[in-house]
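Chemist: Input: one structure, supplied below.
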Amino acid sequence: MKAVAVFPKGREVKVIDVPEPTLRSPGQVRVRTLEVGVCGTDKEVVEQKHGKPPEGEDHLIVGHECLGEVVEVGEQVKNLEPGDLVVPRVRRPCPRAECAPCRAGYSDFCVTGEYTERGIQAAHGFCAELFVEEALYLHPVPRELRGVAVLTEPLTIAEKALREVGHIQTRMPWEKKEGGRAVVLGAGPVGLLGAMALMRAGFQTTMYSRSPKPNPKAEMSESLGMPYVSSKQHRVEELVKQRGRADVVYEAAGVASAGFELMKALAPNGVYVFTGVPGGEEGELDEGELMKQWVMNNQVVLGTVNAAPEDFEAAVADLGRFRTKWPGGLERLITARHAPEDYAEVVTGRKGSHIKDIIVFSRG
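Below is the structure:
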């Protein structure tokens, strides 16, 4: 079958022919891949900044944002049947008995770092015509979400972040109003989906991104009813004057200098959520001023990565809500679909769209 793989030694990305996978245990499911999303993490894997192939292999089949259709189930699988649409989780637990999060089913909080991640870290991904997975790592998707369900995995980032923010803010014992103000840094897919989740949760949300208007991301933001402010044209102080300080800042740009500069916009008792992983960027920080701000304003800085099973379930549910609230909005976020043979050009930016690129394996 056809698969897209990266070969670290030769720095190559190409379509290869690999054997079709078969069920190896009664709890497994064979899935036909429909679509795979391409994101910044994939670019880092291709550039060898992140991830590695499985042990003893010279290549890694890429792809971790996936929508598939069940074609075969093991005899012990009760909750899935052929024809069902599914999205797979990405991370698998580490083997260490002492890792309480992994043993409890929360590998997104793994403390050893010895987890595997399909399409990223020591496990083949989903950018192939077929894959086999344990049923417990697959989440059913309603057929009516067929056109947008490939967005489930990037939405889980926001779902986990909002769940954690909710837990953190229970520290304030007085009665609080619903929602509040939020600022999202970065108008890529993770930022836009995060903004939709924040608005669904009742936050008055502002998009803060580099490119001046007009641009497709600004148009997308404003079509959702969310003001768009360019960081290139308006400093953080101007943003605060326009929109007020934010109870939640959701960073989705992966640019350290911009992320720390936006700390100035965080309100007292606020939570700042980091989701991006910056590259080799260097900058100057006023550590003393930051420390003073965090202490004097009872602020929380939260880093979050990956997602738990309940975050995938929440994401699937929210995709349905988003389609009702913003008809056509999710469809506009997916701005280009490509053949597997185009993967190398898409992931490196030589070919692609303004917001979200998808690799299509099957139109089923």
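For the sequence shown, the working numbering assigns the number 799 to the initial residue and increments by one for each residue that follows. Every residue, glycine too, gets a C-beta built ideally from N, C-alpha and C. Just so you know, these numbers come straight off a predicted model, no measurement behind them.
May I ask you to report which of helix, strand or coil DSSP gives residue 932?
Modeler: The answer is strand: DSSP assigns residue 932 an E or B state.
Chemist: Kindly list the residues whose CB is nearer than 6 angstroms to the CB of residue 1026, restricted to its own chain and excluding five residues on each side of it in sequence; keep chain order.
Modeler: Once the five neighbours on either side are set aside, the close Cβ partners of residue 1026 are 1005, 1016, 1019, 1020.
Chemist: Does the Cβ-Cβ distance between residue 1144 and residue 1152 come in under 8 angstroms?
Modeler: Result no, Cβ atoms of residue 1144 and residue 1152 do not sit closer than 8 angstroms.
Chemist: Ignoring anything shorter than 4 residues or poking outside the region 1079 to 1106, list the alpha helix (DSSP H) runs there in chain order.
Modeler: As far as the region 1079 to 1106 is concerned, its whole alpha helix (DSSP H) runs of at least 4 residues are 1085 to 1094.
Chemist: If you drop the 5 nearest sequence neighbours on each side, which residues of the same chain put their C-beta closer than 6 angstroms to that of residue 951?
Modeler: These residues qualify, in order along the chain: 863.
Chemist: Can you check which of these residues, 841, 906, 970, is closest to residue 954 by C-alpha distance?
Modeler: Ranking the options by Cα distance to residue 954, first place goes to 906.
Chemist: Got a sec, what are the start and stop residues for the beta strand (DSSP E) residue 1066 sits in?
Modeler: It spans 1064 to 1072 - the beta strand (DSSP E) in which residue 1066 sits, taken as one unbroken run.
Chemist: For the beta strand (DSSP E) containing residue 886, list its first residue and its last residue.
Modeler: Where residue 886 is concerned, the enclosing beta strand (DSSP E) stretches over 883 to 886.
Chemist: For the beta strand (DSSP E) containing residue 1155, list its first residue and its last residue.
Modeler: Start and end: 1154 to 1158.
Chemist: Would you report the Cα separation of residue 850 and residue 873, rounded to the nearest angstrom?
Modeler: Approximately 33 angstroms between the Cα atoms of the pair.
Chemist: Restricting to runs no shorter than 3 residues, where is the beta strand (DSSP E) found entirely within the region 885 to 916?
Modeler: For the region 885 to 916, whole beta strand (DSSP E) runs of length 3 or above, ordered along the chain, are 914 to 916.
Chemist: May I ask which residues mark the beginning and end of the alpha helix (DSSP H) holding residue 1058?
Modeler: Looking at the DSSP string, the run of the alpha helix (DSSP H) that includes residue 1058 is 1054 to 1059.
Chemist: Find the nearest neighbour of residue 957 within the set 1127, 1113, 1160, judged by alpha-carbon distance.
Modeler: Residue 957 has its Cα closest to that of 1113, out of 1127, 1113, 1160.
Chemist: Run through DSSP, which three-state label would residue 947 get?
Modeler: Helix, per DSSP.
Chemist: Residues bridged to residue 828 by DSSP?
Modeler: Note: residue 828 sits in a beta bridge opposite 870, 930.
Chemist: Mind checking whether residue 887 and residue 1159 have CB atoms under 8 angstroms apart?
Modeler: Not closer than 8 angstroms, so no.
Chemist: For residue 1052, I'd like the list of residues in its chain whose CB is within less than 7 angstroms of its CB, leaving aside the five on either flank, ordered along the chain.
Modeler: Excluding sequence neighbours, residue 1052 sits near 838, 1074, 1075, 1076.
Chemist: Would you decide whether residue 820 is buried or exposed? Buried here means 16 or more other CB atoms lie within 10 Å of its CB.
Modeler: When all chains shown are included, residue 820 counts as exposed.
Chemist: Given residue 1095, which residues of its chain have a CB within under 6 angstroms of its CB, disregarding the five upstream and five downstream residues?
Modeler: Contacts found: 1066.
Chemist: Counting pairs of Cβ atoms below 8 angstroms between the region 919 to 938 and the region 879 to 899, do you hit three or more?
Modeler: In short, these stretches touch, since the Cβ pair count reaches three.
Chemist: Measure the beta-carbon distance from residue 1047 to residue 1060 and round it to whole angstroms, keeping in mind my assumption that it falls under 8 angstroms.
Modeler: About 6 angstroms separates the two Cβ atoms, so the contact holds.
Chemist: Please determine, among 977, 1084, 991, 1069, the residue with the shortest C-alpha to C-alpha distance to residue 1130.
Modeler: Among 977, 1084, 991, 1069, the Cα nearest to that of residue 1130 belongs to 991.
Chemist: By Cβ distance, which residues of its chain are closer than 6 angstroms to residue 1120, with the 5 residues on each side in sequence left out?
Modeler: So the qualifying residues of the chain are 994, 1128.
Chemist: Below 8 angstroms between beta carbons: does that hold for residue 1071 and residue 981?
Modeler: No, these two residues do not count as a Cβ contact at 8 angstroms.
Chemist: If you drop the 5 nearest sequence neighbours on each side, which residues of the same chain put their C-beta closer than 7 angstroms to that of residue 914?
Modeler: Excluding residues within five positions, the ones whose Cβ falls inside 7 angstroms are 890, 920, 921.
Chemist: Give the DSSP-derived three-state secondary structure of residue 842 in the structure shown.
Modeler: Looking at residue 842 - three-state DSSP - the assignment turns out to be helix.
Chemist: Three-state secondary structure (DSSP) at residue 863?
Modeler: Reduced to three states, the DSSP call for residue 863 is strand.
Chemist: Can you round the beta-carbon distance between residue 834 and residue 1132 to whole angstroms, since I take them to be within the 8 angstroms contact cut?
Modeler: Wrong, their Cβ atoms sit about 12 angstroms apart, outside the cutoff.
Chemist: Three-state secondary structure (DSSP) at residue 1034?
Modeler: Three-state DSSP puts residue 1034 in a helix.
Chemist: Does DSSP put residue 875 in a helix, in a strand, or in coil?
Modeler: It is coil, neither helix nor strand.
Chemist: Given this structure, state the Cα-to-Cα distance separating residue 824 from residue 875, to the nearest angstrom.
Modeler: Going from the Cα of residue 824 to the Cα of residue 875 covers about 7 angstroms.
Chemist: Ignore the nearest five residues each way along the sequence and tell me which others in residue 977's own chain have a CB closer than 6 angstroms to its CB.
Modeler: Contacts found: 1000, 1001.
Chemist: Please say whether residue 1007 and residue 984 have beta carbons closer to each other than 8 angstroms?
Modeler: Contact: yes.
Chemist: Residue 1069: which of 1115, 979, 1154 sits nearest, CA to CA?
Modeler: The shortest Cα separation from residue 1069 among 1115, 979, 1154 belongs to 979.
Chemist: Whole alpha helix (DSSP H) runs in the region 1121 to 1155 with 4 or more residues, listed along the chain?
Modeler: Qualifying alpha helix (DSSP H) stretches, in chain order: 1127 to 1131, 1141 to 1145.
Chemist: Helix, strand or coil: how does DSSP classify residue 821 here?
Modeler: It is coil, neither helix nor strand.
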